[in-house]
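Residue numbers (our numbering): -14 to 375.
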Ligand code: EPS
C-alpha cells in the first residue's frame, strides 16, 4: 500500500517470542497513552466466540522508542507485544537450529509439524509459494495473531486523529444469519450500546441471537463469519484525491480492510445496495444552512465522493468469512505425499467478527492519519494544528 507519511512495518509469528512494529512519520508533540493502546488491545481479545488462545494472552504493549515523557519526539516509534504462549512453544519456534536436539525437543517439533492444508487458509498456496514443507511455517505468519500489533498502531493513529477532533468506532452488524435490523438513532448511542456488548452489537436482542448462533456453531464444531461497520466522524473535506487511482481514499480504505485475514468484501456507504437504487434515491442531496455550510439529510455515499472525504461521516462495512480452522474438518490433501486427508485442527476461534471490527477500525484510522499528514504536512503537532487552522 502506498503510505505517504505514516509508514510502518510489523514482524512476529503467532507463537513466536513477540509481535513488533516500527512506525515512522509521527510528528513531534503528540501525547500517546500506553493505557489507551492497552484498552484497545483488550477489546480485540474479548469478543464472544474467541477460543482458548485468548485465555492465555493478556496483550499489553511496550513502547520502546520515539516517545519521551508521554509525547512523540518525531523519531520512529517502536512497539512490542510479547506472546505469553511463547513459553509453551520455545522449542518449536526456536530461531536457532539445534545441533544436538534432545529427544524431547524432537518430539515437540514433530507434534507441531503439520502437512494437511486447511481449505480457506493460507496453508496450501503459502507452502508452494515459499517452498515450505511444514505448514507450521505458513501458519505462524499468516495467522491473524499479527493483527494485535496493528491494533496498537491504529490506537496511536486514533490518538493523533483525536487531536483534530476526528473520532471513530466500530460495531458488529451481522454474525452468521443474524443481522442487526434496528439501529439506535444516533452514532453516540450505537457506540455506547455496542461497547457494552461482548459481540459489539448495538441491540441486546440481536446480540442474544448472535451469541446463540455462535453457541450452535461451536457445538457443531463449525465456525461463523459476519459483517461489521466502521464509522469515523468530524473529518475535513478533501482527504484523498481523484487525480490518480492510488490516491482515492475509498480505494486505499478497501485495500486496508480487504487485507485483514478472512475479509471477503468491503463496502462504502450504501455499498452493494447502490446496484438497485435509482440515481435519485442514491445521491445525497445538498442543502445550505444559515452559516452557509453544506449539509445533507442522507449519507449513501458513506462520506466519500470522487475518492475524497466530503465532510460527512465515513462509513465502511466489511464482510468476514467463517474461520477456516474448525473441528468439523473438511476434505483436503496431505502435502507430504499428496494423499487424500482431513484438514489439520489444533484449536480455533468459533467466531472472530467482533475482534475483526476492532482491527478494521485500526486500519481505517491508519489510512486517515496518513491522509491527514499528506494534506497538512508539518513536523510537529503545533505546525499541523496551525495548518489546520486550529
Ligand atoms: C489463528 C489461530 C488461533 C487464533 C489466532 C488466529 O491461535 P492459536 O493457533 O494459538 O490457537 O486465536 O488469533 C490470535 C492468536 C489472536 O491474537 O487474534 C489463525 O490461525 O489465524
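Every residue, glycine too, gets a C-beta built ideally from N, C-alpha and C. It should be emphasised that the depicted structure is a prediction, and the values quoted were computed from it without experimental measurement.
Kindly give me the distance between the Cβ atoms of residue i and residue j, rounded to whole angstroms, as I take these residues to be in contact under 8 Å.
i           : j           : result
residue 38  : residue 312 : Going by Cβ atoms, the distance from residue 38 to residue 312 rounds to 15 Å, so no, they are not a contact pair.
residue 130 : residue 241 : That belief does not hold up - the Cβ atoms of residue 130 and residue 241 are roughly 19 Å apart, past 8 Å.
residue 234 : residue 294 : 6 Å
residue 8   : residue 62  : 4 Å
residue 140 : residue 25  : 4 Å
residue 335 : residue 208 : 6 Å
residue -10 : residue 355 : 6 Å
residue 325 : residue 316 : 7 Å
residue 148 : residue 366 : 6 Å
residue 296 : residue 218 : Wrong, their Cβ atoms sit about 10 Å apart, outside the cutoff.
Please determine, among the options, the residue with the shortest C-alpha to C-alpha distance to residue i.
i           : options               : result
residue 105 : 9, 328 and 258        : 328
residue 178 : 155, 102 and 361      : 155
residue 44  : 152, 259 and 29       : 29
residue 292 : 117, 253 and 244      : 253
residue 68  : 42, 85 and 88         : 42
residue 168 : 189, 153, 161 and 148 : 189
residue 223 : 246, 274, 288 and 185 : 288
residue 340 : 121, 96, 184 and 50   : 184
residue 161 : 259, 115, 34 and 268  : 34
residue 32  : 337, 97, 243 and 124  : 337
residue 123 : 136, 99, 275 and 166  : 99
residue 264 : 251, 57 and 285       : 285
residue 116 : 357, 352 and 321      : 321
residue 244 : 344, 23, 111 and 5    : 344
residue 166 : 186, 60, 342 and 210  : 186
residue 323 : 50, 46, 273 and 102   : 102
residue 76  : 363, 23, 110 and 95   : 95
Going by other Cβ atoms of all chains shown within 10 Å of its Cβ, with 16 needed for buried, is residue i buried or exposed?
i           : result
residue 305 : buried
residue 229 : exposed
residue 151 : buried
residue 225 : buried
residue 372 : exposed
residue 239 : buried
residue 159 : buried
residue 113 : exposed
residue 192 : buried
residue 0   : buried
residue 144 : buried
residue 195 : buried
residue 206 : exposed
residue 201 : exposed
residue 197 : exposed
residue 91  : exposed
residue 307 : buried
residue 53  : exposed
residue 125 : buried
residue 262 : exposed
residue 78  : buried
Please report the distance separating the alpha-carbon of residue i from that of residue j.
i           : j           : result
residue 309 : residue 199 : 15 Å
residue -14 : residue 146 : Low confidence applies here, because residue -14 scores a pLDDT of 46, under 50, leaving its location unreliable and the question unanswered by this model.
residue 175 : residue 181 : 10 Å
residue 163 : residue 212 : 10 Å
residue 13  : residue 83  : 45 Å
residue 157 : residue 93  : 39 Å
residue -5  : residue 133 : 10 Å
residue 74  : residue -8  : 31 Å
residue 71  : residue 280 : 53 Å
residue 215 : residue 300 : 6 Å
residue 170 : residue 118 : 53 Å
residue 298 : residue 120 : 43 Å
residue 346 : residue 85  : 47 Å
residue 330 : residue 108 : 12 Å
residue 40  : residue 66  : 16 Å
residue 48  : residue -3  : 16 Å
residue 370 : residue 17  : 17 Å
residue 302 : residue 319 : 36 Å
residue 220 : residue 2   : 38 Å
residue 137 : residue 358 : 19 Å
residue 4   : residue 256 : 34 Å
residue 388 : residue 36  : Because residue 388 is not part of the residues shown, which for the chain are -14 to 375, the question remains open.
residue 248 : residue 342 : 11 Å
residue 110 : residue 251 : 23 Å
residue 351 : residue 375 : 22 Å
residue 135 : residue 364 : 23 Å
Is the Cβ of residue i closer than 8 Å to any Cβ of chain D?
i           : result
residue 356 : Within the model displayed, chain D is absent; a lone protein chain is all it includes.
What beta strand (DSSP E) runs, 3 residues minimum, are completely inside the stretch 203 to 289? Within the stretch 203 to 289, the complete beta strand (DSSP E) segments of 3 residues or longer fall at 211 to 218, 248 to 253, 271 to 273 and 279 to 281, listed in chain order.
Jot down the residue ranges of each uninterrupted alpha helix (DSSP H) in the stretch 53 to 97, minimum 4 residues, whole runs only, in chain order. Secondary structure in the stretch 53 to 97: the alpha helix (DSSP H) runs of 4 residues or longer, each lying completely within the stretch, are 88 to 97 in chain order.
Please list the segments of the alpha helix (DSSP H) lying wholly inside the stretch 319 to 368, counting only runs of 4 or more residues, in order along the chain. If only uninterrupted alpha helix (DSSP H) runs of at least 4 residues are considered, those enclosed by the stretch 319 to 368 are 338 to 361.
Mind listing, in chain order, the continuous alpha helix (DSSP H) runs of no fewer than 4 residues lying wholly within the stretch 96 to 129? Runs of the alpha helix (DSSP H) inside the stretch 96 to 129: 108 to 114 and 121 to 127.
Scan the stretch 12 to 48 and note each continuous alpha helix (DSSP H) run of 4 residues or more that stays entirely inside, going in chain order. Fully enclosed alpha helix (DSSP H) runs of 4 or longer: 19 to 31 and 38 to 41.
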